[in-house]
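Trainee:
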Amino acid sequence: MLQTFRTRLSQSLTGSLQPAVAQKVRRNLTVELYSALAFGVFQAATIAFIPVILRRSGASPSMLAVYTSTQFVGSVLTAFSIVLMRRRRTMSIILSSWVVSRTLMGLFAFVVQPIWMVVLSTLFWLLEAFPSPGYVRILQSIYPDDVRGKMMSLVRMGRILSMVAAAPLAGWALDHWGYQALFPVGAFMGLLSVFFFARLEVNEPPLTPRQTRTFAELRQILREDKRFSYFLTAFSVYGTGTLMSWTLYPLVQVDRLGLSYSDLGWLGLVQSLFWFLSYAFWGRIVDRAGGVAVLRGNAMVALFLPLLYANANSFGMLIPAFVIQGVISAGWDMGLINAGIQLAKPDQISEYAAVQSTVVGVRGILVPHIGIGLIALGVPMNGVFVLSALLMAVSVWLLGRVQVVTPQEPAFAERRHLRYRWPMRFRLPRF
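Note that this note's numbering has the sequence shown beginning at 4, numbered continuously upward.
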């Protein structure tokens, strides 16, 4: 029955394509969906628990800030992967990076000191994010423009559903077996995801001159496009408010509340469930107002997160916090992509995306240390949480002042095929 539903669903998605093209697209959708399902289990079993494992292993708040920063190292260096793609197949670079990065997660079984956990995590995030421009190229190659957004949505929703199923089991396994037993299993699922991804049927064209621009030409975008520079400034204020307190959340979970891994597994299920459901909400806003409006709405919701942590004194009080984390995860996912498309010049979308990714990476490396630094200076933790909320409130106002072309306006039509769409906007087949 599941196979029949998947077949009819893929046929409804690709019905407007030529038969030969549609068959290839359906196969690639199936293969990438399998890859995403395996990656969701990997993510739920490993990445989701690393900050708490670090804290329980004796990591200091400063070390947690370093870990948070390492998640953005790869974003800063992604532009260099384009240099390798001029000499090697894009798929080869992606597969090599992901095989090594996910194998490193299995090595957690052999370390007990938090410093080595941070080292392994740094290498993991560097290699995991490094080939992301190549991943975008692969998506452009395997999915036609008029169905790409729907395909991407279905794949990501599949990943989240597997996280929903795996999170409570992973929490239970950590409580009973420990990360030394769970992380190798998670690493195996990560490698299984790579195995499926390698089976995609891809035609890789050579890199175009537009995709091989110099760094000086990328910096020129910031000098010439004042509107985009203003948007990045507003978005950085939002990100600063978010990341300033993000490093402190494990301190509340472990030190103040003493949550078990099973508790966090159930909270992770709540987060993943609302992550999944929120795609419908943010997808409608994308269609009506564009990505910048999604990010502004995201900031309005996110500013309540640090305030909830400031007042949390029980497991139950963190449930709405994880609901918000799920909502803003979907909003971030959809808003950032669409905001870049909405603001970029139509023939420079890749270049704008590279600049945006670099700014996100630099901000992510620096900001997590601010919250810890404020605490070291004597600012109470709840004071940092309030400051985070205030910064996000300021970002709501700043993002509201960004002048954009909405999807309903004719000027947006030439970019419409690139939008990241909510996949259930089509009519489901009748059985």
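All residues carry an ideal CB built from backbone N, CA and C; glycine is no exception. This structure is a prediction, so every number in the text was calculated from the model and none was measured.
Since L235 and V362 are thought to touch, with beta carbons under 8 angstroms apart, how far apart are those beta carbons, to the nearest angstrom?
Mentor: Residue numbering aside, residue 235 sits at position 232 when the sequence shown is read from its first letter. Residue numbering aside, residue 362 sits at position 359 when the sequence shown is read from its first letter. Confirmed, about 5 angstroms.
Trainee: For F307 and L394, what's the separation of their Cα atoms in angstroms?
Mentor: To locate residue 307, count along the sequence shown from 1; it is residue 304. To locate residue 394, count along the sequence shown from 1; it is residue 391. One C-alpha to the other measures close to 12 angstroms.
Trainee: May I have the straight-line CA-CA distance separating N316 from Y252, to the nearest angstrom?
Mentor: If you number the sequence shown from 1, residue 316 lands on position 313. If you number the sequence shown from 1, residue 252 lands on position 249. Their backbone Cα atoms lie some 13 angstroms apart in a straight line.
Trainee: With distance defined between alpha-carbon atoms, name the residue in I145, F45, P64 and R299 nearest to S104.
Mentor: Here the question's residue 104 lines up with position 101 in the sequence shown. Of the candidates I145, F45, P64 and R299, the one whose C-alpha sits nearest the C-alpha of S104 is F45.
Trainee: Quick one: Cα of S239 to Cα of A132, how far?
Mentor: Start at 1 with the first residue of the sequence shown, and residue 239 comes out as number 236. Start at 1 with the first residue of the sequence shown, and residue 132 comes out as number 129. Taking the straight line from one Cα to the other gives about 20 angstroms.
Trainee: Express the C-alpha separation of R162 and L40 in angstroms, rounding to a whole number.
Mentor: Mapped onto the sequence shown, residue 40 falls at position 37. Mapped onto the sequence shown, residue 162 falls at position 159. Going by the C-alpha atoms only, they are around 5 angstroms apart.
Trainee: Closest to L260 by C-alpha separation, out of L203, R58 and G403, would be which residue?
Mentor: As a first step, residue 260 must be located in the sequence shown, where it is residue number 257. Looking only at L203, R58 and G403, the smallest Cα-Cα distance to L260 is reached by R58.
Trainee: According to the neighbour-count rule (16 or more other Cβ atoms, all chains shown, within 10 Å of its Cβ), is L225 buried or exposed?
Mentor: Mapped onto the sequence shown, residue 225 falls at position 222. Here L225 is exposed. Its C-beta has fewer than 16 other C-beta atoms within 10 Å.
Trainee: If you reduce the DSSP assignment to three classes, tell me which class Y146 lands in.
Mentor: Translated into positions along the sequence shown, residue 146 becomes position 143. Here Y146 sits in coil by DSSP.
Trainee: Please report the straight-line C-alpha distance between Y138 and I97, rounded to a whole angstrom.
Mentor: In the sequence shown, counting from the first residue as 1, residue 138 sits at position 135. In the sequence shown, counting from the first residue as 1, residue 97 sits at position 94. The alpha-carbon atoms of Y138 and I97 are separated by roughly 7 angstroms.
Trainee: With a floor of 4 residues, list each alpha helix (DSSP H) that falls wholly inside the stretch 257-303, ordered by position along the chain.
Mentor: Whole alpha helix (DSSP H) segments, 4+ residues: 264-292.
Trainee: Rounding to the nearest angstrom, what Cα-Cα distance links M94 and S100 in this structure?
Mentor: As a first step, residue 94 is located in the sequence shown; it is residue number 91 there, counting from the start. As a first step, residue 100 is located in the sequence shown; it is residue number 97 there, counting from the start. In a straight line, the C-alpha of M94 is about 10 angstroms away from that of S100.
Trainee: Assuming S398 and A190 form a contact by the criterion Cβ under 8 angstroms, report the distance between their Cβ atoms to the nearest whole angstrom.
Mentor: Within the sequence shown, residue 398 is the residue found at index 395, counting from 1. Within the sequence shown, residue 190 is the residue found at index 187, counting from 1. Not quite, the Cβ-Cβ distance comes to about 37 angstroms (not below 8 angstroms), so this is no contact.
Trainee: Would you mind sorting K153 into buried or exposed? The rule is 16 or more other CB atoms within 10 Å of its CB.
Mentor: Against the sequence shown, residue 153 aligns to sequence position 150. Buried, since its Cβ has 16 or more Cβ neighbours within 10 Å.
Trainee: Could you tell me the distance, in whole angstroms, from the CA atom of L80 to the CA atom of H372?
Mentor: To locate residue 80, count along the sequence shown from 1; it is residue 77. To locate residue 372, count along the sequence shown from 1; it is residue 369. Straight-line Cα distance between these residues: approximately 20 angstroms.
Trainee: Going by beta carbon distance, what residues of the same chain come within less than 7 angstroms of N206, once the five residues before and after it are set aside?
Mentor: Walking along the sequence shown from the start, residue 206 turns up at place 203. Only S144 meet the Cβ criterion.
Trainee: In the structure shown, what three-state DSSP assignment does W249 receive?
Mentor: Along the sequence shown, read from residue 1 onward, the residue named residue 249 stands at position 246. It is helical.
Trainee: Using 7 angstroms as the threshold, is the C-beta distance between G329 and S265 below it?
Mentor: Here the question's residue 329 lines up with position 326 in the sequence shown. Here the question's residue 265 lines up with position 262 in the sequence shown. Cβ atoms of G329 and S265: not closer than 7 angstroms.
Trainee: Counting Cβ pairs closer than 8 angstroms, one from the stretch 280-293 and one from the stretch 177-190, do we hit at least three?
Mentor: no
Trainee: Whole alpha helix (DSSP H) runs in the stretch 56-118 with 4 or more residues, listed along the chain?
Mentor: The stretch 56-118 contains these whole alpha helix (DSSP H) runs: 64-73, 76-88 and 93-109.
Trainee: Is it the case that the Cβ atoms of G293 and Q345 are separated by a distance below 7 angstroms?
Mentor: Working through the sequence shown from its first residue, we reach residue 293 at position 290. Working through the sequence shown from its first residue, we reach residue 345 at position 342. The answer is yes: Cβ separation under 7 angstroms.
Trainee: Whole alpha helix (DSSP H) runs in the stretch 172-210 with 4 or more residues, listed along the chain?
Mentor: 182-200
Trainee: So what does DSSP say about Q328, is it helix, strand or coil?
Mentor: By 1-based counting over the sequence shown, the position of residue 328 is 325. Q328: helix per DSSP, three-state reduction.
Trainee: Taking the alpha carbon of F284 as the point to measure from, which residue in S263, M384, V197 and N301 has its own alpha carbon closest?
Mentor: Residue 284 sits at position 281 when you count from the first residue of the sequence shown. That would be N301, whose Cα lies nearest to the Cα of F284.
Trainee: Within the same chain, show all residues whose beta-carbon is closer than 7 angstroms to that of Y37, passing over the 5 residues directly before and after it, in chain order.
Mentor: Stepping through the sequence shown from its first residue, residue 37 is reached at position 34. If we look at Y37 and ignore the five residues flanking it on each side, its Cβ neighbours are F199.
Trainee: Which same chain residues end up closer than 8 angstroms to A201 when comparing Cβ atoms and leaving out the 5 residues on each side of it in sequence?
Mentor: Taking the sequence shown and counting its residues from 1, one reaches residue 201 at position 198. Only M94 and L98 meet the Cβ criterion.
Trainee: What is the rounded straight-line gap between the Cα of Y182 and the Cα of T245?
Mentor: Counting from one through the sequence shown, the residue named residue 182 turns up at place 179. Counting from one through the sequence shown, the residue named residue 245 turns up at place 242. For Y182 and T245, the distance between alpha carbons rounds to 28 angstroms.
Trainee: How about L80: is its Cβ closer than 6 angstroms to a heavy atom in the ligand SAH?
Mentor: Looking for the ligand SAH in the displayed structure turns up nothing, as the structure carries no ligands at all.
Trainee: Measure the CB-CB distance between A313 and N385 and report whether it falls below 7 angstroms.
Mentor: Within the sequence shown, the letter at position 310 stands for residue 313. Within the sequence shown, the letter at position 382 stands for residue 385. Yes, they are a contact pair.
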